[in-house]
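Trainee:
There are 2 protein chains.
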Amino acid sequence: MAISARFVSSLRRTALSSRAPSRLQCFRPTSQLRWNSTPAPTSATSEPHQPDAEGGVKGKAAPANTIKFTSESYPQLQRDDKFTKITEEHVKFFQDLLGSESSVIDGVSKDASEDIEAYNSDWMRKFRGHTKLVLKPSSTEEVSKILKYCNENMLAVVPQGGNTGLVGGSVPVFDEIVINLQKMNQIHSFDEVSGILVADAGVILENADNYLGGKGHVFPLDLGAKGSCQIGGNVATNAGGLRLLRYGSFHGNVLGVEAVLPDGSIMDDLSKLRKNNTGYDLKQLFIGGEGTIGIITKISIICPRRSPAVNVAYFGLESYEHVQQAFREAKGQLSEILSAFELMDGRTQKLVNRVKGKPMPLEGEHPFYCLIETSGSNADHDGEKLEKFLEYVMENEIVSDGILAQDQTQIQELWTWREGITECLGHDGGVYKYDLSIPIHELYDLVNETRDRLTEAGLVGADDSHPVVDVVGYGHMGDGNLHLNIPVRRFDKTVEKALEPWVYEWVQKRNGSISAEHGLGVTKKPYVGYSKSETMIKLMKQIKDLYDPNGIMNPYKYI
Amino acid sequence: MAISARFVSSLRRTALSSRAPSRLQCFRPTSQLRWNSTPAPTSATSEPHQPDAEGGVKGKAAPANTIKFTSESYPQLQRDDKFTKITEEHVKFFQDLLGSESSVIDGVSKDASEDIEAYNSDWMRKFRGHTKLVLKPSSTEEVSKILKYCNENMLAVVPQGGNTGLVGGSVPVFDEIVINLQKMNQIHSFDEVSGILVADAGVILENADNYLGGKGHVFPLDLGAKGSCQIGGNVATNAGGLRLLRYGSFHGNVLGVEAVLPDGSIMDDLSKLRKNNTGYDLKQLFIGGEGTIGIITKISIICPRRSPAVNVAYFGLESYEHVQQAFREAKGQLSEILSAFELMDGRTQKLVNRVKGKPMPLEGEHPFYCLIETSGSNADHDGEKLEKFLEYVMENEIVSDGILAQDQTQIQELWTWREGITECLGHDGGVYKYDLSIPIHELYDLVNETRDRLTEAGLVGADDSHPVVDVVGYGHMGDGNLHLNIPVRRFDKTVEKALEPWVYEWVQKRNGSISAEHGLGVTKKPYVGYSKSETMIKLMKQIKDLYDPNGIMNPYKYI
Numbered sequence: 001m002a003i004s005a006r007f008v009s010s011l012r013r014t015a016l017s018s019r020a021p022s023r024l025q026c027f028r029p030t031s032q033l034r035w036n037s038t039p040a041p042t043s044a045t046s047e048p049h050q051p052d053a054e055g056g057v058k059g060k061a062a063p064a065n066t067i068k069f070t071s072e073s074y075p076q077l078q079r080d081d082k083f084t085k086i087t088e089e090h091v092k093f094f095q096d097l098l099g100s101e102s103s104v105i106d107g108v109s110k111d112a113s114e115d116i117e118a119y120n121s122d123w124m125r126k127f128r129g130h131t132k133l134v135l136k137p138s139s140t141e142e143v144s145k146i147l148k149y150c151n152e153n154m155l156a157v158v159p160q161g162g163n164t165g166l167v168g169g170s171v172p173v174f175d176e177i178v179i180n181l182q183k184m185n186q187i188h189s190f191d192e193v194s195g196i197l198v199a200d201a202g203v204i205l206e207n208a209d210n211y212l213g214g215k216g217h218v219f220p221l222d223l224g225a226k227g228s229c230q231i232g233g234n235v236a237t238n239a240g241g242l243r244l245l246r247y248g249s250f251h252g253n254v255l256g257v258e259a260v261l262p263d264g265s266i267m268d269d270l271s272k273l274r275k276n277n278t279g280y281d282l283k284q285l286f287i288g289g290e291g292t293i294g295i296i297t298k299i300s301i302i303c304p305r306r307s308p309a310v311n312v313a314y315f316g317l318e319s320y321e322h323v324q325q326a327f328r329e330a331k332g333q334l335s336e337i338l339s340a341f342e343l344m345d346g347r348t349q350k351l352v353n354r355v356k357g358k359p360m361p362l363e364g365e366h367p368f369y370c371l372i373e374t375s376g377s378n379a380d381h382d383g384e385k386l387e388k389f390l391e392y393v394m395e396n397e398i399v400s401d402g403i404l405a406q407d408q409t410q411i412q413e414l415w416t417w418r419e420g421i422t423e424c425l426g427h428d429g430g431v432y433k434y435d436l437s438i439p440i441h442e443l444y445d446l447v448n449e450t451r452d453r454l455t456e457a458g459l460v461g462a463d464d465s466h467p468v469v470d471v472v473g474y475g476h477m478g479d480g481n482l483h484l485n486i487p488v489r490r491f492d493k494t495v496e497k498a499l500e501p502w503v504y505e506w507v508q509k510r511n512g513s514i515s516a517e518h519g520l521g522v523t524k525k526p527y528v529g530y531s532k533s534e535t536m537i538k539l540m541k542q543i544k545d546l547y548d549p550n551g552i553m554n555p556y557k558y559i
Numbered sequence: 001m002a003i004s005a006r007f008v009s010s011l012r013r014t015a016l017s018s019r020a021p022s023r024l025q026c027f028r029p030t031s032q033l034r035w036n037s038t039p040a041p042t043s044a045t046s047e048p049h050q051p052d053a054e055g056g057v058k059g060k061a062a063p064a065n066t067i068k069f070t071s072e073s074y075p076q077l078q079r080d081d082k083f084t085k086i087t088e089e090h091v092k093f094f095q096d097l098l099g100s101e102s103s104v105i106d107g108v109s110k111d112a113s114e115d116i117e118a119y120n121s122d123w124m125r126k127f128r129g130h131t132k133l134v135l136k137p138s139s140t141e142e143v144s145k146i147l148k149y150c151n152e153n154m155l156a157v158v159p160q161g162g163n164t165g166l167v168g169g170s171v172p173v174f175d176e177i178v179i180n181l182q183k184m185n186q187i188h189s190f191d192e193v194s195g196i197l198v199a200d201a202g203v204i205l206e207n208a209d210n211y212l213g214g215k216g217h218v219f220p221l222d223l224g225a226k227g228s229c230q231i232g233g234n235v236a237t238n239a240g241g242l243r244l245l246r247y248g249s250f251h252g253n254v255l256g257v258e259a260v261l262p263d264g265s266i267m268d269d270l271s272k273l274r275k276n277n278t279g280y281d282l283k284q285l286f287i288g289g290e291g292t293i294g295i296i297t298k299i300s301i302i303c304p305r306r307s308p309a310v311n312v313a314y315f316g317l318e319s320y321e322h323v324q325q326a327f328r329e330a331k332g333q334l335s336e337i338l339s340a341f342e343l344m345d346g347r348t349q350k351l352v353n354r355v356k357g358k359p360m361p362l363e364g365e366h367p368f369y370c371l372i373e374t375s376g377s378n379a380d381h382d383g384e385k386l387e388k389f390l391e392y393v394m395e396n397e398i399v400s401d402g403i404l405a406q407d408q409t410q411i412q413e414l415w416t417w418r419e420g421i422t423e424c425l426g427h428d429g430g431v432y433k434y435d436l437s438i439p440i441h442e443l444y445d446l447v448n449e450t451r452d453r454l455t456e457a458g459l460v461g462a463d464d465s466h467p468v469v470d471v472v473g474y475g476h477m478g479d480g481n482l483h484l485n486i487p488v489r490r491f492d493k494t495v496e497k498a499l500e501p502w503v504y505e506w507v508q509k510r511n512g513s514i515s516a517e518h519g520l521g522v523t524k525k526p527y528v529g530y531s532k533s534e535t536m537i538k539l540m541k542q543i544k545d546l547y548d549p550n551g552i553m554n555p556y557k558y559i
């Protein structure tokens, strides 16, 4: 047990005296709320590549108008001639319909490129469209009239929420009209007994969560982009994020959806009932439908009670086998209070250490690290469960070393070692990024095999002659969701050829998913066949054709 | 506090001494599993009417061959001439395909009525079809070949699992071929790390749960019919039951579905991934689709850890307002360990007392009773939380009296006061039964208003001149799910006219559901308009037509 004195000595000291050790931990953490913390600057689940002003991978982020057009990055995409080109007459219709000047950004009859650019390009500065018209309806009825007109006139559209997606789904490719939901931002009702919230699609996630916080509840989704993303977009992309392990997916939480279909009809399925077995559960098609069959305008969602007690522990472990053992024990012993089990390999943690220049939470180096969070209703009980769990994993040498946050500041500090990875990964240049679901027992194998493959090809090295800096892995272990990342000094066709389709084939062989939580959008559309059979793809196309026979909804994407 | 000494005195005694009071409670219940108990003789969520041998409502259940045909009970249903009548040639095809004699019950070329009757009628003895052919495929491929043939030959079919449904969905109306899944009963895999089970649709729920029990896990659905119902049927009907409050619905738990479509194609969506954002979530249409667009052949489902500590408390309360307060407090204080909150009105409890002849759990009479169950990983912690909660609800006079089970026998005994209601309700004769979702704050109003309405109409009374014995309510309060029941001495058109469509209109006005968990089947099909708009019904019909253009799947039902 020489290797792992920290927790154990802490536990003993806690038992023997009331002295709180300066860095070591006692097991009565104060009751604090992680969910009230300010949002991380980048998405916890994001893999951005932000080209610099020269289109390279270093330096300051490029201004929007220098971003490469998606139509150039994806030359195989061609504008579909069936779509009408927008005219001043069309603009006039929308201006008359929406009234307020702030609801129509018109780049057709005048130059509005400066105003429009933010709607044409995404926050990663990776995608850029050519739209000349942005509409901001204020009501479901306005959305309905817009879509009816677009459908009748063969005008293509892109629904847009907070525009924080990662696969290019929320910006146009060509001249599709952007329908931005930001003006539909009202919370309509909240029932404190049942915990059911009804709100507009354009409500910002953080606003919804803050509102619920005031009522002792929590939105069952959390992610780094919460300050910008909208709950309608979250539902449309079936966002996963940090609370899924505990509260499950939107397919279970969302009780009702109001959506406008391409022909303008309103699917009024805004049930506020936990149970309602009266026909096909059509709203489910819109959860993760990425705006390709309609626009979500309102949602009804069941929200859990906010946990007054939150604990965070951070471990070092000697192998992926140990990580799996720790996960199994955490599920068993922490059971109903386990709210996150995040995996970070040693390379990601050294990267954060190097880029941010702050000392590692644990002494020495470990090949793997885990962050465990518990959320419960009773701080004493949770502390005791965690103590017992920590004793077990230390005494059985499952975990080599660990630290337990003692207050909210430490909780936030430990989370930065998970949430800071994304930001730090871009530090050396660009990053090739994959968001994958893989059966847990094989999850980290992909990182090792990718590293071996690129190393054998002579692509990985410490100096500029090698394009690849490293191959790292982290992710939502509790959900079987790996983020495989390959930080590079420059984007390089040889690297790309070594990675694809090899990575997708590797995932396919294990019946994994090539997009665990990010969705399909533009980037994954060509690869869906690695995760879905021909029959499934045919059935999905049937649904698309059924709801959107003219194909005006978010074209060039998804399916 | 004079009214409510039981819990409080118990708590004080526990604190002051180690004497365990004979009937009162100590708060260190032994760790026991309710889920291992033998299944209740009837469904906890069922409302059967079992006509006696004379077609009346008293006496021994009628033999199957005396049950009234559904086609007679619902004369508005007419056999659709588009369906081919089954011939010996068809039977020959199925015999050649399925080989084994036990896989085809042939009532076409010979008299097999005795063997067939069990498949033609339901366990409530309320529905009875005219089929002359039952098929029992052993594999997905056989199901595929059967459906392809039926589709090409316009032969109508009824998928059948354990045949424990409550709305006539699993038996034929006319001569539809029964496709029974009982031979597809294998468990294919279980991953102890992720908790993901893959199994055939025909696995009996109790077998699945027992298998999982051996692995320290639990099936996320429990209901009284568990000894007969099949998991494929559970998913096809989106069964709710007793664990929904804690583990959520199948829309969140079911990760994958393999289903055969009417044209014989196999929808291979048997994902074992918690997260998989690669296209429309089509399997959701089959969850609660009641076998009208395909036959579920396998499911993949995420199963939680089995809770080693289970507690059950039983309360008496003075008003529905008090019940709501108790529910609010239970959600807040018991939070992550609350696994059931069941409501029973005083009338149901007196009925169980009278019919079963056993003493009430509490002294005196209360207008309302609740049963609360907790399930957690630590008996001491759960006991403490419950103790604190009980102190609170007693001291604040939210609860008038209560009892806490001290061991597994007492847990089962208290559950009989909830689960025994269904059985006892039929004691005086027939029962008119409704399974409704209603916003919680208005949930019990319907019972009072129905009672007033029938009383004002002179239909309720203590003697034989009145058809109605009583109007009672109970249900899954935690899910907003009320079972409104009207026990009667005889079925009576005047009573029916007083009830319908009034009950449905009442529910519609509150945006409730006319079928919370039982589904549509034959009985609710005409009433779906009370819970779904015209647009929704049109969209649902689109889906039906898309998947089953010939309409061969489970006709005369659902939509």
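Chains as they are written, first to last, in the UniProt record's numbering: chain S, 1 to 559; chain U, 1 to 559. We put the beta carbon where it would ideally sit given N, CA and C, even for glycine. Quantities reported herein were computed from a predicted structural model and do not represent experimental measurements.
As an exercise, report each continuous alpha helix (DSSP H) stretch of at least 4 residues that is fully enclosed by the stretch 135-213 of chain U, in chain order.
Mentor: 140-152 and 205-213, all fully within the stretch 135-213 of chain U.
Trainee: Which residues does DSSP pair with alanine 340 of chain U in a beta bridge?
Mentor: In DSSP, alanine 340 of chain U forms a bridge with U/Glu373.
Trainee: Can you tell me which residues form a DSSP beta bridge with phenylalanine 250 of chain U?
Mentor: DSSP output for phenylalanine 250 of chain U lists no bridge partner at all.
Trainee: Output needed for methionine 360 of chain S: all residues of its chain with C-beta closer than 6 Å, excluding positions within five of it in sequence on either side, in chain order.
Mentor: The answer, listed in chain order, is Asn353.
Trainee: Count the CB pairs spanning the stretch 488-506 of chain S and the stretch 516-536 of chain S that are closer than 8 Å, and state whether there are at least three.
Mentor: Flag = yes, the stretch 488-506 of chain S and the stretch 516-536 of chain S touch.
Trainee: With a threshold of 9 Å between beta-carbons, can aspartate 269 of chain S be considered close to chain U, or not?
Mentor: Aspartate 269 of chain S counts as touching chain U.
Trainee: Give the residues from the stretch 84-96 of chain S that approach chain U closer than 9 Å (Cβ to any Cβ), ordered along the chain.
Mentor: Within the stretch 84-96 of chain S, no residue has a Cβ that lies closer than 9 Å to any Cβ of chain U.
Trainee: The alpha helix (DSSP H) with methionine 540 of chain S in it runs from where to where?
Mentor: Looking at the DSSP string, the run of the alpha helix (DSSP H) that includes methionine 540 of chain S is 534-547.
Trainee: Just the Cα atoms here: how many angstroms apart are proline 137 of chain U and serine 109 of chain U?
Mentor: Proline 137 of chain U and serine 109 of chain U: Cα-Cα distance of roughly 20 Å.
Trainee: Could you check which residue in S/Ile146, S/Lys126, S/Asn481 and S/Gln186 has the C-alpha nearest to that of valine 134 of chain S?
Mentor: Looking at the Cα atoms, S/Ile146 is the closest of the given residues.
Trainee: When the cut-off is 9 Å and only beta carbons count, does methionine 536 of chain S lie next to chain U?
Mentor: It does: the Cβ of methionine 536 of chain S has a partner Cβ on chain U nearer than 9 Å.
Trainee: Touching or not, the stretch 317-336 of chain U and the stretch 276-284 of chain U, by the rule of three or more beta carbon pairs under 8 Å?
Mentor: The stretch 317-336 of chain U is not in contact with the stretch 276-284 of chain U.
Trainee: Should proline 304 of chain S go down as buried or exposed, given a rule of 16 or more other Cβ atoms within 10 Å for buried?
Mentor: Buried, because 16 or more other Cβ atoms sit within 10 Å of the Cβ of proline 304 of chain S.
Trainee: Under 8 Å, with one C-beta from each stretch per pair, do the stretch 199-219 of chain S and the stretch 180-187 of chain S reach the 3-pair mark?
Mentor: At 8 Å Cβ cutoff, the stretches touch.
Trainee: Strictly below 8 Å CB to CB, what residues from chain U border valine 447 of chain S?
Mentor: None at all; the shortest Cβ gap to chain U is about 18 Å.
Trainee: According to DSSP, is lysine 557 of chain U part of a helix, a strand, or is it coil?
Mentor: Residue state, collapsed to three classes: coil.
Trainee: Going by DSSP in three states, serine 121 of chain U sits in which element: helix, strand or coil?
Mentor: Note: serine 121 of chain U maps to strand in three-state DSSP.
Trainee: Using a Cβ-Cβ cut-off of 9 Å, state whether threonine 237 of chain S counts as contacting chain U.
Mentor: Yes - at least one Cβ of chain U is within 9 Å of the one on threonine 237 of chain S.
Trainee: Against chain U, does glutamine 324 of chain S count as a neighbour if the rule is that its beta carbon must be under 9 Å from one of theirs?
Mentor: Taking Cβ atoms only, chain U reaches closer than 9 Å to glutamine 324 of chain S, which makes this a yes.
Trainee: At what residue ranges does the stretch 412-499 of chain U contain a whole run of the alpha helix (DSSP H), taking only runs of 4 or more?
Mentor: Correct list: 421-425, 445-456 and 493-499.
Trainee: So asparagine 276 of chain U is in the beta strand (DSSP E); what residue range does that whole segment cover?
Mentor: Segment: none, asparagine 276 of chain U is in no beta strand (DSSP E) and carries neither H nor E.
Trainee: Closer than 7 Å by beta-carbon distance: list the chain U residues that pair up with alanine 516 of chain S, in chain order.
Mentor: Those are Lys275, Asn276 and Asn277, listed as they occur along chain U.
Trainee: For a contact defined as C-beta to C-beta under 7 Å, what are the partners of lysine 532 of chain S on chain U?
Mentor: Chain U residues near lysine 532 of chain S: Thr278 and Gly279.
Trainee: Hey, which unbroken runs of the beta strand (DSSP E) at 3 residues or more fall wholly within the stretch 350-396 of chain S?
Mentor: Taking only runs of at least 3 residues, the beta strand (DSSP E) segments lying wholly in the stretch 350-396 of chain S are 368-376.
Trainee: Whole angstroms are fine: how far does the CA of leucine 334 of chain U sit from the CA of threonine 374 of chain U?
Mentor: Distance between the alpha carbons of threonine 374 of chain U and leucine 334 of chain U is about 8 Å.
Trainee: Can you tell me which of the three DSSP states valine 235 of chain S falls into?
Mentor: If DSSP states are grouped into helix, strand and coil, valine 235 of chain S belongs with the helices.
Trainee: Buried or exposed: glutamate 206 of chain U, going by 16 or more other Cβ atoms within 10 Å of its Cβ?
Mentor: Flag for glutamate 206 of chain U reads buried.
Trainee: Return the bridge partner residues of glutamine 230 of chain U from the DSSP annotation.
Mentor: According to DSSP, glutamine 230 of chain U bridges with U/Ile204.
Trainee: Pick from S/Asp548, S/Arg418, S/Gly288 and S/Ile287: whose alpha carbon is nearest that of alanine 313 of chain S?
Mentor: The candidate whose alpha carbon is nearest that of alanine 313 of chain S is S/Arg418.
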